[in-house]
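Okay, structure first, notes after.
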């Protein structure tokens, strides 16, 4: 399994004043047995702030958005997951993705993958 690209985005707000503008999405594309597969994780945007407040990971200080990490970390933690789209709305579940996280180790595991040039 080879990481091809990773990106992140803010979930577009929907009509009617939906709270959708409070969510981010992390998207990772992998090559598995010659086929491309995408893992998407949507999560509460506030969780990035919780990571920083708890000293786990500060995207402002590190320069890499949380949204460029979550889908990859999810796939690492749950390799048996068969669905391609996931949703996290629990702080503890989100923080668990970053247990023992190191940006340096992340970069070593995924050197030169497209979309990671700035990571």
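In the UniProt record's numbering, the protein residues as written are 1 to 119.
Glycine included, every Cβ here is placed at the ideal spot set by N, Cα and C.
Contact check, residue i vs residue j, beta carbons under 7 Å
i, j, result
"residue 47", "residue 106", "no"
"residue 77", "residue 97", "yes"
"residue 4", "residue 29", "yes"
"residue 103", "residue 62", "yes"
Contacting residues, own chain, Cβ-Cβ under 7 Å from residue i (five flanking each side not counted)
i, result
"residue 91", "47, 50"
"residue 33", "none"
Sequence-distant residues of the same chain with beta carbon closer than 6 Å to residue i, five excluded per side
i, result
"residue 66", "48, 59"
"residue 26", "8, 41, 67, 70, 71"
"residue 73", "97"
Neighbourhood of residue i by C-beta distance below 8 Å, restricted to the same chain and skipping five residues each side
i, result
"residue 23", "10, 11, 42, 43, 44, 45"
C-alpha gap between residue i and residue j, whole angstroms
i, j, result
"residue 55", "residue 99", "12 Å"
"residue 110", "residue 86", "22 Å"
"residue 57", "residue 89", "18 Å"
"residue 6", "residue 31", "12 Å"
"residue 79", "residue 13", "30 Å"
"residue 114", "residue 1", "Reliability fails at residue 114, whose pLDDT of 49 lies under 50, so the model's placement of it is uncertain and the value that follows must be treated cautiously. So the two alpha carbons sit approximately 14 Å from each other."
"residue 83", "residue 53", "31 Å"
"residue 81", "residue 108", "24 Å"
Residue i in three-state terms, based on DSSP
i, result
"residue 67", "helix"
"residue 109", "helix"
"residue 94", "helix"
Residue i Cβ short of 6 Å to the ligand MN heavy atom set
i, result
"residue 30", "The ligand MN is not among the ligands present in this structure, which contains no ligands whatsoever."
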